[in-house]
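To start, the structure itself, in structure tokens.
Protein chains: 2
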Amino acid sequence: MQIDEFQQLMERLYGEADRERGVPATVAWLCEEVGELAQAVRKGTPEQQLHELGDVLAWVASLANQLGLSLEDAAERYVTDPPT
Amino acid sequence: MQIDEFQQLMERLYGEADRERGVPATVAWLCEEVGELAQAVRKGTPEQQLHELGDVLAWVASLANQLGLSLEDAAERYVTDPPT
Numbered sequence: 261m262q263i264d265e266f267q268q269l270m271e272r273l274y275g276e277a278d279r280e281r282g283v284p285a286t287v288a289w290l291c292e293e294v295g296e297l298a299q300a301v302r303k304g305t306p307e308q309q310l311h312e313l314g315d316v317l318a319w320v321a322s323l324a325n326q327l328g329l330s331l332e333d334a335a336e337r338y339v340t341d342p343p344t
Numbered sequence: 261m262q263i264d265e266f267q268q269l270m271e272r273l274y275g276e277a278d279r280e281r282g283v284p285a286t287v288a289w290l291c292e293e294v295g296e297l298a299q300a301v302r303k304g305t306p307e308q309q310l311h312e313l314g315d316v317l318a319w320v321a322s323l324a325n326q327l328g329l330s331l332e333d334a335a336e337r338y339v340t341d342p343p344t
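Just so you know, the sequences run in chain order G and Y.
Residue numbers for the first sequence follow the numbering used here, beginning at 261 and rising by one.
Residue numbers for the second sequence follow the numbering used here, beginning at 261 and rising by one.
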């Protein structure tokens, strides 16, 4: 799946709810999911880890949608000018 | 860019350093970057927000690599069985 396809999917699934919730609450949700990911990594199964990785990706995409920014553009920097 | 292409790119660029650092330190880095993203969202420019979105994506991919998990698989759940 293309990164932008995934972002567009998040827009279709959650865009309206995202905009209603607003950016600060979305950041809070993202933090919540990162915590769940950290817990799954520490003491969860691979299935739980996979689930949380997906949730974190989804919330990053939701946030990018609300900011009007493209995750493809964000990812592209790692192709052209990766940090050392 | 495909999600798995991006993950493979992270493996090529950072896989060795990632494995040397280990999973807990990678989770700590991810949390650091999420904090930078939250700050950029709160008071940064769109360019800074884009930069931090990329960093968070990169660290999620690094973590997935170390866990031996596929971000494509993680994303796929949102195609087949998205949370409501």
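C-beta atoms are modelled at their ideal positions from N, C-alpha and C, and glycine is treated no differently.
None of the values given here were measured: they were computed from a predicted structure.
Residue-level contact to chain G via CB, residue i, 9 Å cutoff
| i | result |
| --- | --- |
| E336(Y) | yes |
| R281(Y) | no |
| A285(Y) | no |
| E296(Y) | no |
| D216(Y) | This structure cannot speak to residue 216(Y), because chain Y is shown only from 261 to 344. |
Status (buried if at least 16 other CB within 10 Å, exposed otherwise) for residue i
| i | result |
| --- | --- |
| T340(Y) | exposed |
| T286(G) | buried |
| A321(G) | buried |
| A324(G) | buried |
| A277(G) | exposed |
Cβ of residue i within 9 Å of any chain Y Cβ
| i | result |
| --- | --- |
| Q309(G) | yes |
| Q262(G) | yes |
| G328(G) | yes |
| D216(G) | This structure cannot speak to residue 216(G), because chain G is shown only from 261 to 344. |
| G314(G) | yes |
Residue interval of the alpha helix (DSSP H) (run including residue i)
| i | result |
| --- | --- |
| P306(Y) | 306 to 327 |
| G275(G) | 263 to 281 |
| T340(Y) | 331 to 340 |
Short CB-CB distance (under 9 Å) between residue i and chain C
| i | result |
| --- | --- |
| Q268(G) | You won't find chain C in this structure, because its protein chains are G and Y. |
Legend entry - Sufficient close CB pairs (3 or more, under 8 Å) joining the region 278 to 288 of chain G to the region 263 to 281 of chain Y: Too few Cβ pairs lie closer than 8 Å, so no.
Inset, instruction - Specify whether the region 300 to 314 of chain Y and the region 310 to 318 of chain G touch according to this definition: at least 3 beta carbon pairs, one from each stretch, less than 8 Å apart. - result: These segments do not touch.
Inset, instruction - Please confirm if the region 289 to 303 of chain Y is in contact with the region 288 to 307 of chain G, defined as three or more CB-CB distances below 8 Å between the two stretches. - result: Output reads yes: the region 288 to 307 of chain G touches the region 289 to 303 of chain Y.
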